[in-house]
Structures are given as C-alpha cells and as structure tokens.
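Colleague: Residue numbers (the working numbering), protein chains in the order written: chain C, 1 to 580; chain U, 1001 to 1580.
This is how it looks when you write it as structure tokens:
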C-alpha cells in the first residue's frame, strides 16, 4: 500500500494510467484517505458528474493483512446525492485484494470525450484498460458472469449496474463477496453515478502470486489479533446476536422500542414486524438450508459472520441475507411483511446497482404520493424494475427519496442533506437523530451508531427518549467511527471495542505492530477528529451551513406513536456536536 | 389598502376568513410587503408545501390608482423551487382590483385537512369560499370559461392550472388580462405549487361598485402622473421599441451581441434568430390582424403596451404575444425557430399554469439528455402536454431544469439556486451574470436588469464583455428594482426612469402626492436596500451562503462562441454586491 494508482479517463486518446508514491497521503487509509484526497483535489463547487470530481477507492490501513475484520473498502467522492463529501463503505473481497496489490488508493479522474465504456483489469503485472461496450447496461450479476468467462474464478470486482451507468443518484458500487457475487455495496450518496460518469463499468482485481501484507512486528501483531478476535467472540452482540440472526436481529428490538419507522415514518411500530424479523429470517433460512444459508462472512477474515444466504422455498438462490436496514426499508417502511419479496428486492437492488436504503425509503415516499399503495410488495418489485430499465418513473425513483418527494409534491420526506434516513426513528431514538442531522455524510446511521448506547446499552446507557446526553454520545461515536473507517475494520467491532477496553487496546496494538508505531487511544481520537474536520470543511466550502444540520421539520413538529414525542434535541445543541 | 385578508385553509371545519388592519405592515406594498410577511411569519426551514408556508398576494403601493403602469401584482412565499424567499410578479388586472377592494394583501395560510379544492370570491360585500371539486385539474383557460358562466364578464381572477394542483415546482399563478384571458403569470419559483398546496384553485375578484383609489393631493398626483407618462412616451425604449415590437425586440439585439443562449447554452448566437425575432413576430401579427394583434397592454393603465395577441394563419387565437424570454426559452434555447410552435407552447404553459422560462429551459436540458432532439418543435409541444397530464416524464419536467438535469444526469444545467437562467448568457453579458448569481430570488433577469446598461446603453454604458463595473451596476439595479417592485409599477418604467431624472422624480412625486409623504430619492434607495436585506436574511436562515451566490461552474470553465470568453467576475467580487 505504498502507491496510488490514478486513471485519468479524460486523457487525450483514452484513459491514462499513472502510479505515484502515497506521498502527502502517507499514513492514511480508508475514509481518512478518501476524504483527504477529495478535500485536497476536488473543488467543492464542482459538478459531481463532471471532470473535476474524483472517485477515490481506498482499502483500510489493516486491509490485506491477517488481521480479522479488516476487509472494508472506502469509496469517496463529491456526492451527486448530497452535494457534499461522501465516503461509502463496503465489505466483500476488493479491499483485501487491492491492499495486497499494493495500492493505498485507486483514483478515477477526468471525463471521457466519447461515450465508450471501460473495463479495468489490475493484477501483479499492472493495469490494463479496455473499451468494452458489450457490457453496457448489464446488471451486476450478469456482468460478473461475463467477467468469470474472461478471468476465471480467482478475481474480485468493483462494478456498477445500469443505475450507475444512468448516473442515478441512488446508484451504488458493487463489490463481490467470497462466492464472487456482487452482493456487497458501497451504496450511499450515489457514488455509483460518479463511477458511471467516469464510464468505468468494472474494475477486476486479481492478487494471484501476491502475499498477505507483512507486519513490522509479526509476533506482536499475531498476539494482538488473537486478543482482538477473542474479544469479538466473547461479546454478546458480535459473538452471538449478529452471527445467529444477522443484523436483522434489530427488527424486533427496534419495533419493541417504538423506533421502527413504519409506512414512511407515520408510526414507530409495525404490526408485521415479527414476520420479517431476524428470528423469522434465520428460521426460514435454516429450514430451507443451502450453502452459507445460516451464517456467513462478507469477506475472508471475518469472524463475526453476520451475513447469510437467502434461498427461496425451492432452494433457489434469491439473494444474500438482506440486512436489517434493507429488510426495514423494503419492509416496514413500505408496510410490507413478506420476506421472500424483500429478498427479491434486495437482489434487484444489488443487480441494478442501487442503495437498498435509498430505494426502500424512496418507494415508501412514492407510496405516500399514491403511486402504489402501502403494503403492495409486487408493486414495489415492479417499481425497482422500472428503475433498472430507466423509464421516466424509474428515473425519478432512482434519483432517491428527496427528489421523488419533490417531483410528487410530498411533504413528509425523510432525508437529511437529501440522503434517505435509515431504519431508526429519531423521535424514539433521539441519539441517532443527532447523527443523522449532523454527520457530514447526510442521514447515515453508520456515521455514529447511537443505537448501540440508546437501545442496545453498549458503551453505556443513554435514555433514547430524552434529549439529554445525545449530543455527547453522537460526537464520541462520530469521532470513533471516522477512525475505525480509516482502518478497514468492519464497524461491528465497535460493539466489543466500546464495552471491552482490552479489545480496543488490541486494535491499537494491531496498528502499532503492523506499522511499527506507538499510537495511543488519544491518537485514534485525534485521527477521527481530523477526518471529520476535513469533511466538514469541504462541506462548508460546498455551501453547507448549520441549517443543513437539521432533521426534516416533521420530526420536530409531529409526534409519532407509540411514544407520541417529537425529536427534542434543540438546534443550538446540534450546533455543538463538533465543538471538541 | 388599509386591511389584510387572511384565509386559513387549515382551520377546523374548513377555511376561516379574517381581516385585520395592515398594522406593522403599514406603508409597504408589492414585494416590500410580500417579503416582509414571509420574513416575519414563515419559518425559514419549513417545508414549502406545508402548513407553515404562506402565500402572500399584494398589489403595489400605487395599484388601483389612476397612476399609469401601476398594475403589477406581487406574490410571495418560501419557494418550493429554490428553497429561499420568493416574490414573483405579474401583470393583468388583479392588482388594480385587489387594491380597490381595499386589500394591501391576501394571505393564504395553513394546510387543509381534506383534499377538497377551494374557490374564493371577493367583492365589496366580502369573501365567500366554497368547495368546488368540479374545477379539479382544469387548465386555466377552461377554468376562466367556467368562472365566466358563474360570474359574468366583470371579474378578474388569480388561478392555478393542473401544474399548481400537482404542486410542480415549475407551476405559476395566472392572472387574467383585460380580455379575461389567463395570460399573465406570477411565474417563477414554483409559487403555483404553494397555491396548490393551499388547495385554492381560483380567487375571483370583482370591484363593481368601488372606485379608483383617491390620492391625498389629487392635483399634484395628476400632474406627476402626466409628467411620468410623458417621460415614458418620449424614451425610445418605452415609447417606441417596446410598443412596436414587444419585448421580443431583444432577440436580434442579443443575438447580435452574442449573448443569445442557444441549444442549452452551448453557443451565443442562433442561426434561426431572425425567424423568431420581434421584427418577424410583429410582421406576422400585423399581417394576420385580429383584435389587439399589434400592440396591447397587459392591464388597464398601461401606456407602454409592449404586448400583443398572436393569431394563427387562419385568424384563430393562439396565445398572447409571447415575450422575449418565452420566445427564447422555447425557441433558440431548444434550437427551435418556428414562431407558431412557440406561440402554441406559450399557450400550453399559460393553460397548464407553468413558468415559460423554467419550462423552455427544462426542455432544452431534456434535449441535451437526449429525450428529444434539439430543434424538435412538435416533440417539445408533446413534452409540455406530458407535464399538463402529470405523466412520470411530465412530473420530471414540471419540476424544472435543475431536477430534470439531476434525474437525467446532465452536467450542463443552467440554474442558480435551482431556478432556470433566463435569456441572456452571462459570458456575453457579464453584468446579468452578477444578478443571476446574487439575487435572493434565484436566476432572475428582472431582479437587476443589467442588459439595460450592458447592451441597451440605458442608464450609462458598461462593457458587457468585461468584469469591471458589473458588481456596482447589478447592485444599483437590484436596489432600484426592489423599490420599483414595491410600487406596483411595471419594471419597464426603469428604462425612462434611469435615463431621465425628471421621470424618476415624477414617480416619487406620485407616491408623495398619493400618500401625503415627502419621500426623496434616498428614501427610495433605502426602501430597496431594506427589501433586499429582509430577503437575504431569510435565505441565510434557510441555509443559503455565498457558495449559493455562484453561477454553475460551466460558465466559469467553458468559453462560448462567438466571444469565446467565460464569466470573469470573481467570487470575491460577487460577495461584495450587498456591501453598501
């Protein structure tokens, strides 16, 4: 990871490849690196689909090592959805492979002069870019099948589906998983549209002949990793809850807490929750069987294994196990309680290359607009197909919840900075409302997951129904998350790291042993703050103010059942989140 | 004009009418009043289509008097298009009639609990509101025919078409003209959607039995008005150019100047300009004949008479004479040079209730996206019909150029604050670029019409191709315009007022004689500044920063023929426009 690969798709005569040492970006990985490059090299007022924007693909500091959980990939750009800086984060194999190929980042820049579509192949021998217009408008699954015919089974891929090619602001970037399926997505903020604007359909990565990245102090690294893994295994969330039920374990929990947004945030409890809960999902998967059905990791080196594989009743692959947020967005948010239909929608989103949160929330908004009724699972599937085909209606929906709300004149549109809210109502979980409102990313639960402390009582206990303590909670989690996102570590390590000091120390020890450093917990906090500061500065220069750090007005005006309260954290308090 | 009428459409049991003295708003009219009410009463972060927004309809200070040119109506709200404060301005009869009915403003507020559609009737005996769902989705012309059957021929009306009912952000509010046609529109910023959100389809006004408003000093008023009218008649623009050729006299002038945006701002000269110029239009209208064909005022009391009536070759009414900006947006901007097709589109926009500038620019952006080819007049007509029908494609287009650009992933989208740029390229007329970028209204030529001094050499001579002097020019014109917009005067008086000190003095004398005041030129300037300050403060509280006071990046990055220069006024200079 000592070099940066740049592909200038706007160079005269076709894409130009250049390699350079990491230079000024030395010591940065993942989100720290993507945000640094975007901050330093992308003009904040540029058009997100223009030549001036850059797509930055960066594995984390520990990616490609033997360290557990280190396979997360950060992809950054100026977001076409929010207009601000964006880092979207994906599992799958590419982070590990890119890191082993020696790249701290791959940067796509410029704008092609023609409408040709490019395929990029990278292995130990170098980079090969070819025009391949036969890939045009291929869905991700079909695309990967084509790539298998060309490259065998030993690669991994980063790709866009038709949504990215159509430059839709709900378009994701897919990463292949261990089964070479395009099921893992850097989904949020429409970064798939930026890859689409660069006209790069797929980046195929092959690390054959290359080895695991070697730590400076192998013994210490191994030891720290063991302590780290032990910590994950013994924590009830990472050792038990997540492997057994997947992230969807949260459905019953949030529904019970009255924070499960139902029918476009018109209620906090869904009568059909039990039918789509993690428990029901696990039972269904277990009873149907099939490879990787019950529990499964998204990348090699995962020891939590929160994922699974979802087969239909005849044993046919339907999709990877839909995440909690997907099950919610296509489920309760739309009044749908049909797990098979939700898995089908998960597959369609992955195949067309769409953010499942943005799409589900968008369909709920379309339901509120009367396009189809709440609860209409087959109608919802049809709508996603419209997006994949790029019909005018599909174009609207593929532009996300904010645009769909505007186009149909809907007032209740759950977005912050134009990005759809995830699966937690900020009236019943006030802490997450602070994160939604203030993170530079637009509404994003992963940016500071206050559910942990508000609901799961991890890392302390802050009453979810009261405004007190939420700002501090969100601030600390946003700082910690930014740092974790720089390491390439899966965010789920946070459950164990927050509760168990020795697991946190083990993570720091891994970094120190790998790089020969002597970082302390304070350094990790400083790193998190510096990332947030870069991101906030970029957004300010792009025109964002404190008025953009607000939830949509209905959260402060309209109480919701069952608690019948509003979001109560005051604007002035929100403005102190980044005062540290 | 001593009272304000409020209609709370959200009151329990149906709309509630209340009247109050002007109170704190005393001495304000037109834009000064609409912006004051919006500033004071509308939360800047509210949803534009929600209960908290208000639609404020205000005649000017001199409306309803015997003063010439005083028939402009201001309509204000938080704009669903820009998200900022909005005043849209219309000719037609309603300003005069509302003023004679004694209303400084009619304010629609709240949000109905049902989906009923309301009809409001106001005459000397009071206000009557009825549910009339038979009017649903009626285009403006049909609606007015319905109203004629009910109210005879002695009324005037303020109404929305299907676009307003569908809450499209390109929706206008129509005002009837002297022939009782809905041809005059408060068009910009999507204020028709706000009226749609209030579910008020039409406000019928009848001033039968009421008299012209009486000045405090009738003799002085009469004398000042005479001097004022003489001034308008002797100035070449208001006395000759505008009456003879209409506003479309500008086509050849701007094309010659290389500032006529062609095919979505990809060139500054249009090869078909001559076919759609004011000269050709006047010749066509004269040769076809028909009532009001050649020259015609939009409201009683107009002495400039820049309008006309456009008949087809068989003498059938096609539309009012399309304005320059309409002829451009549907013409050169789309590569269309067919005057009859443009008149047809003008009619469709008026009928569906759409801003002709926003719609034409949107169609050009759709052409750039490849929806139909540039130059396809029949295709463009079809697209407007899609908007009127509210098909998914129509919904996109009815959301304006900004949204259309986003939905179709177009990079060259000529909008500021999400509002479409009018008919002057800021690279060839640098002054207007300053106004587009900085006015609180979003791109709006009328907010500070630098064309006057850059191109027509009225009020001085500032080289249109150089950045020098443009900020001062735009600043002074923005201040003057805000003040004129408070009087109810047509903005075209500015040509004479800028060049002839005695005409400016006559305007002040009219105000003083009417109200028994002793205003000076300095007071007028102070009024203009105070209006702009209110508007800027509202926008700042709604989240607008200096980064929003910028042109789209292609104007500073891409030179355009024939001058092959970019917009050269620096960002730091733009930031000084409101330093006075």
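Note that the Cβ used here is the ideal one computed from N, Cα and C, for glycine as well.
Under 8 Å by Cβ, that's how I've got residue 184 (chain C) and residue 355 (chain C) pegged, so tell me the actual separation to the nearest angstrom.
Modeller: Residue mapping note: residue 184 (chain C) aligns to position 184 of the first chain, counting from 1. Residue mapping note: residue 355 (chain C) aligns to position 355 of the first chain, counting from 1. The pair is not a contact, with the Cβ atoms about 13 Å apart (cut-off 8 Å).
Colleague: By the criterion of Cβ-Cβ separation under 7 Å, what are the contact partners of residue 395 (chain C) in chain U?
Modeller: Residue numbering aside, residue 395 (chain C) sits at position 395 when the first chain is read from its first letter. The answer, in chain order, is 1396, 1407, 1408.
Colleague: From residue 1403 (chain U) to residue 1124 (chain U), what distance separates their C-alpha atoms?
Modeller: Your numbering for residue 1403 (chain U) matches position 403 in the second chain. Your numbering for residue 1124 (chain U) matches position 124 in the second chain. Computed Cα separation, rounded: 43 Å.
Colleague: Which one of U:1093, U:1243, U:1108, U:1222 has the shortest CA to CA distance from residue 1174 (chain U)?
Modeller: Residue 1174 (chain U) sits at position 174 when you count from the first residue of the second chain. Ranking the options by Cα distance to residue 1174 (chain U), first place goes to U:1093.
Colleague: Which ranges would you report for the alpha helix (DSSP H) in the stretch 194-237 of chain C if only whole runs of at least 4 residues count?
Modeller: With a minimum length of 4 residues, the continuous alpha helix (DSSP H) runs that stay inside the stretch 194-237 of chain C are 218-234.
Colleague: May I ask you to report which of helix, strand or coil DSSP gives residue 1118 (chain U)?
Modeller: By 1-based counting over the second chain, the position of residue 1118 (chain U) is 118. In this structure, residue 1118 (chain U) counts as strand in the three-state DSSP scheme.
Colleague: Nearest by alpha-carbon distance to residue 1562 (chain U): which of U:1526, U:1265, U:1104 is it?
Modeller: What you label residue 1562 (chain U) is simply residue 562 of the second chain in a count that begins at 1. Of U:1526, U:1265, U:1104, the residue nearest in Cα terms is U:1265.
Colleague: Can you give me, in chain order, the residues of the stretch 1257-1285 of chain U that have a beta carbon less than 9 Å from any beta carbon in chain C?
Modeller: Listed by position, the residues of the stretch 1257-1285 of chain U near chain C (Cβ gap below 9 Å) amount to none.
Colleague: Let's see if you can read the secondary structure: which residues bound the beta strand (DSSP E) around residue 317 (chain C)?
Modeller: By 1-based counting over the first chain, the position of residue 317 (chain C) is 317. Counting along the chain, the beta strand (DSSP E) containing residue 317 (chain C) begins and ends at 317-320.
Colleague: So, at 6 Å on beta carbons, what are the nonlocal neighbours of residue 5 (chain C) in its own chain, with the 5 sequence-adjacent residues on each side left out?
Modeller: Counting from 1 along the first chain, the entry for residue 5 (chain C) is found at position 5. Within the same chain, residue 5 (chain C) has close Cβ partners 19, 103, 106.
Colleague: Using three-state DSSP, classify residue 1338 (chain U) as helix, strand or coil.
Modeller: The residue you call residue 1338 (chain U) lines up with position 338 of the second chain. Residue 1338 (chain U) falls in the coil class under three-state DSSP.
Colleague: By how many angstroms is the C-alpha of residue 1333 (chain U) removed from the C-alpha of residue 1272 (chain U)?
Modeller: Against the second chain, residue 1272 (chain U) aligns to sequence position 272. Against the second chain, residue 1333 (chain U) aligns to sequence position 333. The straight-line gap from Cα to Cα measures roughly 11 Å.
Colleague: Helix, strand or coil, according to DSSP, for residue 1493 (chain U) in the structure here?
Modeller: Locating residue 1493 (chain U) in the second chain gives position 493, where the first residue counts as 1. Here residue 1493 (chain U) sits in helix by DSSP.
Colleague: Assign residue 1570 (chain U) to one of three DSSP states: helix, strand, or coil.
Modeller: The sequence position of residue 1570 (chain U) within the second chain is 570, counting from 1. Residue 1570 (chain U) falls in the coil class under three-state DSSP.
Colleague: Among U:1154, U:1537, U:1342, U:1135, which one has its Cα closest to the Cα of residue 1201 (chain U)?
Modeller: Here the question's residue 1201 (chain U) lines up with position 201 in the second chain. Checked all of U:1154, U:1537, U:1342, U:1135; the closest Cα to residue 1201 (chain U) is U:1135.
Colleague: Got a sec: which bits of the stretch 1352-1369 of chain U sit with their beta carbon under 7 Å from any beta carbon on chain C, in order along the chain?
Modeller: So the list is empty, because no residue satisfies the distance condition.
Colleague: Looking only at its own chain, which residues have a Cβ that is under 6 Å from the Cβ of residue 1162 (chain U), when we skip the five neighbours before and after it?
Modeller: In the second chain, residue 1162 (chain U) corresponds to position 162, counting from 1. 1137, 1352, 1388, listed in sequence order.
Colleague: Quick one, which residues of the stretch 96-115 of chain C are near chain U if we go by CB-CB under 9 Å, in chain order?
Modeller: Within the stretch 96-115 of chain C, the qualifying residues are 111.
Colleague: Per the contact definition of three or more C-beta pairs closer than 8 Å, is the stretch 41-49 of chain C in contact with the stretch 536-553 of chain C?
Modeller: Flag = yes, the stretch 536-553 of chain C and the stretch 41-49 of chain C touch.
Colleague: How far does the alpha helix (DSSP H) with residue 1384 (chain U) in it reach, from first residue to last?
Modeller: Locating residue 1384 (chain U) in the second chain gives position 384, counting from the first residue. Note, residue 1384 (chain U): alpha helix (DSSP H), 1377-1389.
Colleague: Below 9 Å between beta carbons: does that hold for residue 1227 (chain U) and residue 1502 (chain U)?
Modeller: By one-based count along the second chain, residue 1227 (chain U) stands at place 227. By one-based count along the second chain, residue 1502 (chain U) stands at place 502. Yes, the pair counts as a contact, with Cβ atoms nearer than the cut-off.
Colleague: Measuring alpha carbon to alpha carbon, tell me which residue in U:1153, U:1255, U:1112 is nearest residue 1424 (chain U).
Modeller: Against the second chain, residue 1424 (chain U) aligns to sequence position 424. Out of U:1153, U:1255, U:1112, U:1255 has the C-alpha closest to the C-alpha of residue 1424 (chain U).
Colleague: Would you kindly work out how many angstroms separate the C-alpha atoms of residue 1245 (chain U) and residue 440 (chain C), rounded to a whole number?
Modeller: Numbered from its first residue, the second chain carries residue 1245 (chain U) at position 245. Numbered from its first residue, the first chain carries residue 440 (chain C) at position 440. Taking the straight line joining both Cα atoms gives about 53 Å.
Colleague: Closer than 8 Å is the cut-off here; do at least three beta carbon pairs connect the stretch 1551-1562 of chain U with the stretch 1502-1511 of chain U?
Modeller: Short answer: they don't touch.
Colleague: Determine whether the Cβ of residue 238 (chain C) lies closer than 9 Å to any Cβ atom of chain U.
Modeller: Indexing the first chain from 1 puts residue 238 (chain C) at position 238. By this cut-off, residue 238 (chain C) is not an interface position.
Colleague: Here's a check: name, in chain order, each residue in its chain whose Cβ is nearer than 8 Å to the Cβ of residue 1435 (chain U), leaving out the five neighbours to either side.
Modeller: Residue 1435 (chain U) sits at position 435 when you count from the first residue of the second chain. Hits under 8 Å: 1444, 1445, 1447, 1448, 1449, 1450, 1474, 1477, 1478.
Colleague: Taking the alpha helix (DSSP H) that residue 548 (chain C) belongs to, which residues open and close that run?
Modeller: Here residue 548 (chain C) refers to the residue found at position 548 of the first chain. Element bounds for residue 548 (chain C): n/a, residue is neither H nor E.
Colleague: I need the boundaries of the alpha helix (DSSP H) containing residue 184 (chain C), first residue and last residue.
Modeller: As a position in the first chain, residue 184 (chain C) is number 184, starting the count at 1. Per DSSP, residue 184 (chain C) belongs to no alpha helix (DSSP H); it is in the beta strand (DSSP E), 184-186.
Colleague: Residue 99 (chain C) and residue 222 (chain C): beta carbons closer than 9 Å?
Modeller: Position 99 of the first chain, counted from the first residue, corresponds to residue 99 (chain C). Position 222 of the first chain, counted from the first residue, corresponds to residue 222 (chain C). No, the pair does not count as a contact, with Cβ atoms beyond the cut-off.
Colleague: Does the stretch 408-427 of chain C come close enough to the stretch 69-77 of chain C to have 3 or more Cβ pairs within less than 8 Å?
Modeller: In short, these stretches do not touch, since the Cβ pair count stays below three.
Colleague: Rounded C-beta distance between residue 1158 (chain U) and residue 1253 (chain U)? I'm assuming under 8 Å.
Modeller: Start at 1 with the first residue of the second chain, and residue 1158 (chain U) comes out as number 158. Start at 1 with the first residue of the second chain, and residue 1253 (chain U) comes out as number 253. That pair is no contact at about 33 Å.
Colleague: Cα-Cα, which of U:1213, U:1430, U:1145, U:1468 is closest to residue 1455 (chain U)?
Modeller: As a working mapping, residue 1455 (chain U) is identified with position 455 in the second chain. Considering only alpha carbons, the answer is U:1430.
Colleague: Going by the DSSP bridge assignment, what does residue 296 (chain C) pair with across the sheet?
Modeller: The residue given as residue 296 (chain C) occupies position 296 in the first chain. DSSP, once it has assigned bridges, lists C:307 as partnering residue 296 (chain C).
Colleague: What did DSSP end up calling residue 6 (chain C) once you bin it into helix, strand or coil?
Modeller: Numbered from 1 along the first chain, position 6 holds the residue referred to as residue 6 (chain C). Residue 6 (chain C): strand per DSSP, three-state reduction.
Colleague: Does the distance from the CB of residue 1294 (chain U) to the CB of residue 1315 (chain U) come in under 9 Å?
Modeller: The sequence position of residue 1294 (chain U) within the second chain is 294, counting from 1. The sequence position of residue 1315 (chain U) within the second chain is 315, counting from 1. Cβ atoms of residue 1294 (chain U) and residue 1315 (chain U): not closer than 9 Å.
Colleague: Starting from residue 1076 (chain U), follow the beta strand (DSSP E) in both directions and report where the run begins and ends.
Modeller: Here residue 1076 (chain U) refers to the residue found at position 76 when the second chain is read from its first residue. Start and end: 1073-1078.
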